[in-house]
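Student: Here it is, the structure in full.
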Ligand SMILES: [Mn+2]
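Residue numbers (my numbering): 20 to 256.
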């Protein structure tokens with residue numbers, strides 16, 4: 020039987036319910052790219068994280084609510100949608116473990132912000148407060164998209180294969196000060212950071228948009244294909 024690389028996917032919760040939430044789109048995109056998706060619960064003892072990581076060939080950090088700004092020395096913005104503190108604690112510990120193992124990693128939206136803050140960077144808490152920036156949030160039922168310019172020699176740029184794409188946009192926060200070892204590899208025309216990577220890793224790539232919701236478009240399936248390809252490299256090396 021042909022085996023697929025196992026790709027862990029982080030989960031969220033909605034409205035404080037004692038249940039995990041995971042948009043189908045993340046698992047569909049991983050499956051479509053050739054991976055075997057596996058949802059990871061976060062209400063577990065952090066000492067169990069290494070056992071999860073032992074199982075995985077790659078990992079996807081998903082979107083969600085806002086990180087506690089105390090992580091980068093600020094206080095909550097009035098428009099913040101606060102993340103479940105248990106999720107934040109779990110994901111920071113999980114990210115530290117997968118980083119230690121150099122496991123192929125794709126971070127989306129909150130995941131991108133998490134990676135940046137984990138590396139000592141900071142966030143803009145509310146893009147509409149910034150001068151000269153466009154609307155990056157979803158407002159009403161309008162599916163908002165904007166251009167994203169990719170660095171041609173970056174891993175993300177190479178995987179996508181073009182230097183400009185049309186990306187969807189659902190965020191009110193964005194990377195401000197870039198964390199240690201991270202390179203900005205994608206930006207919007209108004210200068211918002213839309214992608215990061217650590218070039219010293221087999222794959223540690225983050226995007227601020229939601230490619231999983233556009234996975235029927237080749238340039239948005241590409242980050243998932245890169246994740247699966249790198250996960251296979253690690254598995255069958
Ligand atoms: Mn955006």
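By construction, the Cβ of each residue, glycine as well, lies at the ideal position given by its N, Cα and C atoms.
All figures in this text were calculated on a predicted structure; none of them were measured in a lab.
How about residue 213: is its Cβ closer than 8 Å to a heavy atom in ligand 3?
Tutor: Among the ligands modelled here, namely ligand 1, ligand 3 does not occur.
Student: By how many angstroms is the C-alpha of residue 196 removed from the C-alpha of residue 148?
Tutor: Near 16 Å, if we compare the C-alpha coordinates of residue 196 and residue 148.
Student: Could you tell me which residues DSSP puts in a beta bridge with residue 185?
Tutor: Partner(s): 166.
Student: Please state if the CB of residue 137 and the CB of residue 175 are separated by a distance shorter than 9 Å.
Tutor: In this structure, residue 137 does not lie closer than 9 Å to residue 175 by Cβ.
Student: Identify the residues that DSSP records as bridge partners of residue 56: which are they?
Tutor: Partner(s): 26.
Student: Just confirm the distance between the C-beta atoms of residue 248 and residue 179, as a whole number of angstroms; I'd bet it's less than 8 Å.
Tutor: That belief does not hold up - the Cβ atoms of residue 248 and residue 179 are roughly 13 Å apart, past 8 Å.
Student: Which whole-angstrom value describes the C-beta separation of residue 253 and residue 221, a residue pair presumed to lie in contact below a C-beta threshold of 8 Å?
Tutor: 7 Å between Cβ atoms; contact.
Student: Which whole-angstrom value describes the C-beta separation of residue 226 and residue 135, a residue pair presumed to lie in contact below a C-beta threshold of 8 Å?
Tutor: With 8 Å as the limit, residue 226 and residue 135 do not qualify as a contact, their Cβ atoms being about 12 Å apart.
Student: Do residue 169 and residue 204 have their CB atoms nearer than 9 Å?
Tutor: Their beta carbons are under 9 Å apart, which means residue 169 touches residue 204 by this criterion.
Student: Please give me, in chain order, every unbroken run of the alpha helix (DSSP H) with length at least 4 that falls completely inside the region 96–130.
Tutor: With a minimum length of 4 residues, the continuous alpha helix (DSSP H) runs that stay inside the region 96–130 are 104–120.
Student: Select from 37, 75, 223, 186 the residue whose C-alpha is nearest the C-alpha of residue 206.
Tutor: Closest by alpha carbon: 186.
Student: The alpha helix (DSSP H) that contains residue 253, what's its start and end?
Tutor: Start and end: 237–254.
Student: For the putative contact between residue 215 and residue 131, defined by C-beta atoms under 8 Å, what is the C-beta separation to the nearest angstrom?
Tutor: So it is a contact: roughly 6 Å between Cβ atoms.
Student: Taking the DSSP output, what are the residues bridged to residue 216?
Tutor: DSSP, once it has assigned bridges, lists 202, 224 as partnering residue 216.
Student: Nearest chain D C-beta to residue 168 closer than 9 Å, yes or no?
Tutor: No chain D is part of this structure, which consists of one protein chain only.
Student: Could you check what DSSP says for residue 38 in three-state terms: helix, strand or coil?
Tutor: Coil at residue 38, not helix or strand.
Student: Please classify residue 229: does DSSP put it in a helix, a strand, or coil?
Tutor: Of the three classes helix, strand and coil, the one that applies to residue 229 here is coil, per DSSP.
Student: For residue 164, I'd like the list of residues in its chain whose CB is within less than 6 Å of its CB, leaving aside the five on either flank, ordered along the chain.
Tutor: Counting only Cβ-Cβ distances below 6 Å, and skipping sequence neighbours, we find 185, 187.
Student: Less than 9 Å between the C-beta atoms of residue 27 and residue 79, yes or no?
Tutor: Yes, the Cβ-Cβ distance between residue 27 and residue 79 is below 9 Å.
Student: Return the Cβ separation of residue 49 and residue 116 in integer angstroms, given the expectation that the two are a contact with Cβ distance under 8 Å.
Tutor: The pair is not a contact, with the Cβ atoms about 20 Å apart (cut-off 8 Å).
Student: Within 10 angstroms of the Cβ of residue 140, are there 16 or more other Cβ atoms? Answer buried if so, exposed if not.
Tutor: The residue is buried, with at least 16 neighbouring Cβ atoms inside 10 Å.
Student: Taking 8 Å as the cut-off, does the CB of residue 239 come closer than this to any heavy atom belonging to ligand 1?
Tutor: Residue 239: no, Cβ never under 8 Å from ligand 1.
Student: Kindly indicate which residue of 107, 171, 82 has the alpha-carbon position closest to the one of residue 232.
Tutor: The option with the nearest alpha carbon to residue 232 is 82.
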